[in-house]
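Residues in the sequence shown are numbered consecutively from 318, following this note's numbering.
We put the beta carbon where it would ideally sit given N, CA and C, even for glycine.
Predicted model, so just to flag it, every value in this text is computed and none were measured.
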Amino acid sequence: MACDRRAFIKKGLAAIAAVPVASTLEKVSGGSILKARYVEAQGLGALPENHPMASALGYMHDASKVDTAKFPKRAGEAGKSQFCSNCQLLVQRDMEVAGKEGKWGKCALFADGLVSHQGWCNSWVAKAS
């Protein structure tokens, strides 16, 4: 499927014109368009630590129990301040899980359950200020 220069320029200009329109829609909606991306996490339980993806990423509900030999990112002074509560990937916060203590939240990585605010995994990324 060949694309000549004229078609390429038309499509490029249309794409560039769509950016301010999308930005305006986002401002008019009060941010609800982006908020709608995050699935409401009510009704989810705690993510099992033996979940395949959680195990692969070294997720633990209690960050102090992480195997630092296997996941050195958690070791040292920098690692001591890494928790799900201050991770960029925690998209919904301050939730409760029946039968569990503490605060929980919805992580962008795990669709199957909630993570503890005191938890940690190897995908931890500092929360933007």
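Would a C-beta distance cut-off of 7 Å place L431 and W421 closer than the cut-off? Contact: yes.
So what does DSSP say about C438, is it helix, strand or coil? Assignment of C438 by DSSP, reduced to helix, strand and coil, places it in the coil class.
Near L406, what residues of its chain come up, given a Cβ to Cβ distance below 7 Å and the 5 sequence neighbours on each side ignored? So the list reads C424, A425, L426, S440, V442, once near-sequence residues are dropped.
Taking the alpha-carbon positions, what's the L330 to D321 distance? A direct Cα-to-Cα measurement between L330 and D321 gives close to 14 Å.
In three-state DSSP terms, what is A425? In this structure, A425 counts as coil in the three-state DSSP scheme.
Please return the same chain residues whose Cβ sits closer than 7 Å to the Cβ of D429, not counting the five positions on each side in sequence. L364, H368.
Using three-state DSSP, classify S447 as helix, strand or coil. Any property of residue 447 remains undetermined from this structure, which presents the chain solely from 318 to 446.
Neighbour-count burial assignment, S446, 16 or more Cβ in a 10 Å radius: S446 counts as exposed, since fewer than 16 other C-beta atoms from the protein chains shown sit within 10 angstroms of its C-beta.
Chain-order list of residues whose beta-carbon lies under 8 Å from that of K387 (same chain, five-residue window excluded): So the list reads G375, once near-sequence residues are dropped.
G416 versus G360 - alpha carbon distance: G416 and G360: Cα-Cα distance of roughly 13 Å.
Can you tell me where the beta strand (DSSP E) with M412 in it begins and where it stops? In the DSSP assignment, M412 falls within the beta strand (DSSP E) that extends over 407 to 412.
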